[in-house]
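Trainee: Chains A and B, in that order, are what the protein sequence lines are. Residue numbering for the first sequence is 1 to 232, as defined by my numbering. Residue numbering for the second sequence is 1 to 322, as defined by my numbering. Beta carbons: idealized from backbone N, C-alpha and C, even for Gly.
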Amino acid sequence: MIPLLEAKGAALAGRLAPTDLAVGRPELVCLVGPNGSGKTSLLHALARIGQASGMVRIGGRRPEDLAPAARRSLLSYLPASRDVAWPLSARDLVRLGASEAEADEAMAALDLLPWADRRIDRLSTGERSRVLIARALAPKPLLLLLDEPVANLDPLWQLRLMAILRLAVAGGQGAVVAMHDLDLAARFADRLVLMAAGAIVGDGEPLAMLDSARLGEVFGIKRAGGAWMPRD
Amino acid sequence: MKTLPFLLLGVALLAAFAASLAVPWPPIAALLGEDRPLALALLWELRLPRALLALAYGAMLGASGAAIQGLFANPLASPDLTGTTSGAALGAVVTAYLLGFSAPLALASGAVGGALGALLLLLALAGPRAETATLLLAGLAISALAGALTTLALALAPSPFAFYDAYEWLMGSLVDRSLEQAAFAAAPALVAILLLLRLGRPLDSLTLGEEVAQSFGHDVRRLRIEIVCLTAFGVGACVAICGAIGFVGLVAPIFARRLTGGHPGRAIAPAALIGGLLLLAADLVVRSAPLGRTLPIGVVTALLGAPFFLWLVAHMRWRLAR
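(1) Hey, how far is the Cα of residue 243 of chain B from the Cα of residue 67 of chain A?
(2) Can you list, in chain order, the residues of its chain whose CB lies under 7 Å from that of residue 150 of chain A, leaving out five sequence neighbours each side?
(3) Between the alpha carbons of residue 140 of chain A and residue 70 of chain B, how many angstroms are there, rounded?
(4) Let me know if residue 154 of chain A comes out buried or exposed under the rule of 16 or more other beta-carbons within 10 Å of its beta-carbon.
(5) Quick one: which chain B residues come within Cβ less than 7 Å of residue 83 of chain A?
(6) Please say whether residue 200 of chain A and residue 43 of chain A have beta carbons closer to each other than 8 Å?
(7) Is it right to say residue 35 of chain A is buried, meaning 16 or more other beta carbons lie within 10 angstroms of its own, or is it exposed?
(8) Hey, residue 227 of chain B and residue 67 of chain B: beta-carbon distance below 8 Å or not?
(9) Listed from N- to C-terminal order along the chain, which residues in the region 191 to 219 of chain B have their beta-carbon within a distance smaller than 7 Å of any beta-carbon of chain A?
(10) Only counting runs of 3 or more residues, tell me where the beta strand (DSSP E) segments fall wholly within the region 174 to 199 of chain A, in order along the chain.
(11) How big is the Cα-Cα spacing for residue 5 of chain B and residue 89 of chain A?
(12) For residue 173 of chain B, which three-state DSSP category applies?
(13) Leaving out five residues before and five after residue 89 of chain B in sequence, what residues of the same chain have Cβ atoms less than 8 Å from its Cβ?
(14) Buried or exposed for residue 8 of chain A, please, with buried defined as at least 16 other CB atoms from any protein chain shown within 10 angstroms of its CB.
(15) Sorted by chain position, which residues of the same chain lie with C-beta nearer than 8 Å to residue 63 of chain A's C-beta, five sequence neighbours on each side aside?
(16) Kindly provide the ranges of any alpha helix (DSSP H) runs that are 4 or more residues long and lie completely inside the region 14 to 64 of chain B, ordered along the chain.
(17) Does the beta carbon of residue 73 of chain B sit closer than 8 Å to a beta carbon anywhere in chain A?
(18) Under 7 Å between beta-carbons, which chain B residues line up against residue 71 of chain A? List them in chain order, please.
(19) Return the bridge partner residues of residue 8 of chain A from the DSSP annotation.
(20) Please confirm if residue 91 of chain B has its CB atom under 8 Å from at least one CB of chain A.
(21) Helix, strand or coil: which one does DSSP assign to residue 209 of chain A?
(22) At the level of alpha carbons, what is the spacing between residue 61 of chain B and residue 133 of chain A?
(23) From residue 53 of chain A to residue 211 of chain B, what distance separates their C-alpha atoms?
(24) Which whole-angstrom value describes the C-beta separation of residue 193 of chain A and residue 29 of chain A, a residue pair presumed to lie in contact below a C-beta threshold of 8 Å?
(25) Counting only beta-carbon separations shorter than 8 Å, does residue 249 of chain B have a partner in chain A?
(26) Please classify residue 202 of chain B: is it buried, with 16 or more other beta-carbons within 10 angstroms of its beta-carbon, or exposed?
(27) What's the call for residue 97 of chain B, buried or exposed, on a 16-neighbour Cβ count within 10 Å?
(28) The beta strand (DSSP E) spanning residue 230 of chain A covers which residue range?
(29) What first and last residue would you give for the beta strand (DSSP E) that runs through residue 23 of chain A?
(30) Considering only their Cβ atoms, is the gap separating residue 98 of chain A from residue 69 of chain A smaller than 8 Å?
(31) Taking residue 85 of chain A as part of the beta strand (DSSP E), name the residues at either end of that continuous run.
(32) Please report the distance separating the alpha-carbon of residue 322 of chain B from that of residue 126 of chain B.
(33) Looking at residue 56 of chain B and residue 190 of chain B, is the spacing between their C-beta atoms short of 8 Å?
(34) CB residue 312 of chain B to CB residue 16 of chain B, shorter than 8 Å?
(35) Can you tell me which residues form a DSSP beta bridge with residue 37 of chain A?
(36) From what residue to what residue does the beta strand (DSSP E) around residue 76 of chain A run?
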């Protein structure tokens, strides 16, 4: 069987050491790590953004071999920035990488249809985040690469988004998602990948990863009384 | 995009083009009765080149303005505010001193070179996705430098005639250009516009940021180089024939995006139509002004465009303050 994602020596000069990452079957992989640990860089290297080196195959195909029209069924990338250069309507923005039907479906899933015709600069930051997430989900690519999708979302929408991602995985898509909320990641992910200083330093089953000494060391935190505390 | 506004724009453009040939009509009508070949020659050799130049130059400014604004993700970017037209003017004046104003190919090459230099300098100074303030300051610096060098070139004019020729040409004029000269501007402009139209989709995807555009599979570096070269090529050729004409490249894309729901790339085609329409209209104003002598069209577009620019700056203060 062709693995969903196969990355060998994927690297970005000065930001990400040559990194291997494999996702064999549809699963939700959460990337965790302190600020500047290389989560965004790894997502860039996988999405072939910037001067990314190494080899990346998604569903057996190299993204750089595909024209834009074909690439959108392979991967989509959500940046951490919620900036939009031009004040398009929410629907037009989602339509930038998807058909009308796909856009409507994604907007319905994120409960955005009431705002579909509103200009993006007239929405709150959380609503704008949801529009941009809908944009990334709409084409239903084989692999979702999402950079901090839950940032700016309220607690209910954080849970709903994670449930939507689980649904996508159940439907055969893979997802590599960078996030900072360790408990949320552990609750919904199939795998937790821990990053530090531009390299992967841990990879495993979420609850085991959460309890590992490695994670506490990397973040400089420890669990005490059910909450995360600074180690010293 | 809806088709109706597009259709209306097309009709308005045709009407303006026809008016540009026909206005003022009475002398032509009188001549048609008396000396038909002379009347036709007048239409063919005087009015047609002028209308053609207004259309081509305006369309070129509109299309390149839309592309540059999309590229810099900034509604205040345009060929004139980024120093492209002043760079082209400098290139043309220097070439003209060396080879005279009667060598259109050399003049056009000089102008294209100047425009290219100005745009590359802007990219180097301001960076690809510059803040509005950085972009305007860099554009201002380049315009000021090119303007000063052009003035220096004028001061060092080899003869009073050369000075006068250059000065008149600098003010921007569509008058007394031959059909060949018009073709020298219109053909490169047409090619550049057609090639710019291909870039609409990648430009639209830049709305989501450079990284997302790259994840779509668009080569943003190549896009940047293509837009810079096409703009320099088309605008440079027009500046070589007609001198520098400002503000059309700023205003046309802003109206065009109202027709495309804000999409920057899709706005290239309507911006070209609106640009052509604006310059044809400005030329009609020049012709109908009861002053007894011809105003340079660059002065008219500046007089109409500057207040619009001021309004835009006031309107965008929130964005400038960012």
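Mentor: So, to answer that:
(1) As a first step, residue 243 of chain B is located in the second sequence; it is residue number 243 there, counting from the start. As a first step, residue 67 of chain A is located in the first sequence; it is residue number 67 there, counting from the start. Between the alpha carbons of residue 243 of chain B and residue 67 of chain A lies a distance of about 41 Å.
(2) Locating residue 150 of chain A in the first sequence gives position 150, counting from the first residue. These residues qualify, in order along the chain: 158, 161, 179, 181 and 184.
(3) Locating residue 140 of chain A in the first sequence gives position 140, counting from the first residue. Locating residue 70 of chain B in the second sequence gives position 70, counting from the first residue. Going from the Cα of residue 140 of chain A to the Cα of residue 70 of chain B covers about 27 Å.
(4) Sequence index remark: in the first sequence, residue 154 of chain A carries index 154 (1-based). With fewer than 16 other Cβ atoms within 10 Å, it is exposed.
(5) The count along the first sequence starts at 1 and reaches residue 83 of chain A at position 83. Under the 7 Å cutoff, chain B gives 209.
(6) Looking up residue 43 of chain A in the first sequence gives position 43. Looking up residue 200 of chain A in the first sequence gives position 200. No, Cβ-Cβ distance for residue 43 of chain A and residue 200 of chain A is not below 8 Å.
(7) In the first sequence, residue 35 of chain A corresponds to position 35, counting from 1. Result: exposed.
(8) Within the second sequence, residue 227 of chain B is the residue found at index 227, counting from 1. Within the second sequence, residue 67 of chain B is the residue found at index 67, counting from 1. Against a cut-off of 8 Å, the Cβ pair of residue 67 of chain B and residue 227 of chain B comes out as a contact.
(9) Sequence-ordered contacts of the region 191 to 219 of chain B with chain A read 204, 205, 206, 207, 208, 209, 211, 212, 214, 215, 216, 217 and 218 [C-beta pairs closer than 7 Å].
(10) Listed in chain order, the beta strand (DSSP E) elements of length 3 or more contained wholly in the region 174 to 199 of chain A are 174 to 178 and 191 to 196.
(11) Here residue 5 of chain B refers to the residue found at position 5 when the second sequence is read from its first residue. Here residue 89 of chain A refers to the residue found at position 89 when the first sequence is read from its first residue. Taking the CA atoms as reference points, residue 5 of chain B sits about 19 Å from residue 89 of chain A.
(12) On the second sequence, residue 173 of chain B is found 173 positions in, with the first residue counted as 1. DSSP places residue 173 of chain B in coil when its eight states are reduced to three.
(13) Counting from 1 along the second sequence, the entry for residue 89 of chain B is found at position 89. Excluding residues within five positions, the ones whose Cβ falls inside 8 Å are 111, 114, 146, 150, 170, 239, 243 and 244.
(14) Position 8 of the first sequence, counted from the first residue, corresponds to residue 8 of chain A. Result: exposed.
(15) Here residue 63 of chain A refers to the residue found at position 63 of the first sequence. The residues are 47, 48, 56, 71, 74 and 75.
(16) Fully enclosed alpha helix (DSSP H) runs of 4 or longer: 25 to 34 and 36 to 42.
(17) Here residue 73 of chain B refers to the residue found at position 73 of the second sequence. For residue 73 of chain B, the answer is yes, since a Cβ of chain A falls inside 8 Å of its Cβ.
(18) Position 71 of the first sequence, counted from the start, is the residue given in the question as residue 71 of chain A. For residue 71 of chain A, the chain B residues whose C-beta falls within less than 7 Å of its own C-beta are 216 and 217, listed in chain order.
(19) As a first step, residue 8 of chain A is located in the first sequence; it is residue number 8 there, counting from the start. Paired residues: A:55.
(20) On the second sequence, residue 91 of chain B is found 91 positions in, with the first residue counted as 1. Cβ-Cβ to chain A under 8 Å: no for residue 91 of chain B.
(21) The sequence position of residue 209 of chain A within the first sequence is 209, counting from 1. Reduced to three states, the DSSP call for residue 209 of chain A is helix.
(22) Taking the first residue of the second sequence as 1, we reach residue 61 of chain B at position 61. Taking the first residue of the first sequence as 1, we reach residue 133 of chain A at position 133. The alpha-carbon separation between residue 61 of chain B and residue 133 of chain A amounts to approximately 36 Å.
(23) Mapped onto the first sequence, residue 53 of chain A falls at position 53. Mapped onto the second sequence, residue 211 of chain B falls at position 211. Between residue 53 of chain A and residue 211 of chain B, the C-alpha separation is close to 16 Å.
(24) Within the first sequence, numbered from 1, the residue matching residue 193 of chain A stands at position 193. Within the first sequence, numbered from 1, the residue matching residue 29 of chain A stands at position 29. At roughly 6 Å, the Cβ-Cβ gap stays under 8 Å, so residue 193 of chain A and residue 29 of chain A are in contact.
(25) Numbered from its first residue, the second sequence carries residue 249 of chain B at position 249. Not an interface residue.
(26) For the purposes of this step, residue 202 of chain B is taken as residue 202 along the second sequence, with counting starting at 1. Classification for residue 202 of chain B: buried.
(27) Here the question's residue 97 of chain B lines up with position 97 in the second sequence. Buried, because 16 or more other Cβ atoms sit within 10 Å of the Cβ of residue 97 of chain B.
(28) Taking the first residue of the first sequence as position 1, residue 230 of chain A is located at position 230. Its beta strand (DSSP E) spans residues 227 to 230.
(29) Locating residue 23 of chain A in the first sequence gives position 23, where the first residue counts as 1. Annotation: the continuous beta strand (DSSP E) that includes residue 23 of chain A extends over 16 to 23.
(30) Here residue 69 of chain A corresponds to residue number 69 of the first sequence, with the count starting at 1. Here residue 98 of chain A corresponds to residue number 98 of the first sequence, with the count starting at 1. Cβ distance not < 8 Å, so residue 69 of chain A and residue 98 of chain A don't count as in contact.
(31) The residue you call residue 85 of chain A lines up with position 85 of the first sequence. For residue 85 of chain A, there is no enclosing beta strand (DSSP E), as DSSP gives it neither H nor E.
(32) Taking the first residue of the second sequence as position 1, residue 322 of chain B is located at position 322. Taking the first residue of the second sequence as position 1, residue 126 of chain B is located at position 126. Here residue 322 of chain B scores only 41 on pLDDT, less than 50, and its place in the model is too uncertain to base an answer on.
(33) Indexing the second sequence from 1 puts residue 190 of chain B at position 190. Indexing the second sequence from 1 puts residue 56 of chain B at position 56. Yes, the Cβ-Cβ distance between residue 190 of chain B and residue 56 of chain B is below 8 Å.
(34) Along the second sequence, read from residue 1 onward, the residue named residue 312 of chain B stands at position 312. Along the second sequence, read from residue 1 onward, the residue named residue 16 of chain B stands at position 16. The Cβ-Cβ distance between residue 312 of chain B and residue 16 of chain B does not fall below 8 Å.
(35) The sequence position of residue 37 of chain A within the first sequence is 37, counting from 1. BP columns for residue 37 of chain A are empty, so no partner.
(36) Within the first sequence, the letter at position 76 stands for residue 76 of chain A. Going by DSSP, residue 76 of chain A is part of the beta strand (DSSP E) stretching over 75 to 78.
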